[in-house]
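Sequential numbering from 1 applies to the sequence shown in the UniProt record's numbering.
Beta carbons are placed, not taken as given, at the ideal position from N, Cα and C, and that holds for glycine.
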Amino acid sequence: MYKPKLEKDIRCPLEYGLDIFGGKWKSRIICVLAEKKVLRYSSLRKEMTNITDAVLATTLKELIADGIVQRQQFDEIPPKVEYCLTDKGRSVLPILQSICRWSGAYHRENSEYIHSQCQKCDYKCENSSD
């Protein structure tokens, strides 16, 4: 796994949060797992668009290390592994939905391409009373 040469210099809670669920792929993986609940690697890979196996595997390892995603391995042949959100991972959903609401007000005006998971997140945001 990739190890940065310099340790992260996180100085405030906002930086910590953005490190945990920021970036191109982490929030998408969280949204897919929130909708689908439990997925095997191949199913998660199919739900994601334009992600390489290396990036998906690395991102999942980071999310697991941060306690956002749980990896469950079953002792069977062929090997079976499932991924799901932890309680900590589910606690990120309202934050991502708030970002989704804010971004949706500006992003839609300039984009004709919307990821299917984003459409579902928008729907949940607009119709959520939680």
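- Counting C-beta pairs closer than 8 Å gives fewer than three between the stretch 41-58 and the stretch 86-94, which falls short of the contact rule.
- The stretch 24-37 and the stretch 55-71 touch, with no fewer than 3 CB-CB distances between them shorter than 8 Å.
- Taking the CA atoms as reference points, Y83 sits about 17 Å from I20.
- Per DSSP, the beta bridge partners of V69 are L85.
- Around R71, the same chain offers L60, I64, V81, E82, Y83 as residues with beta carbons nearer than 8 Å, after the five sequence neighbours per side are excluded.
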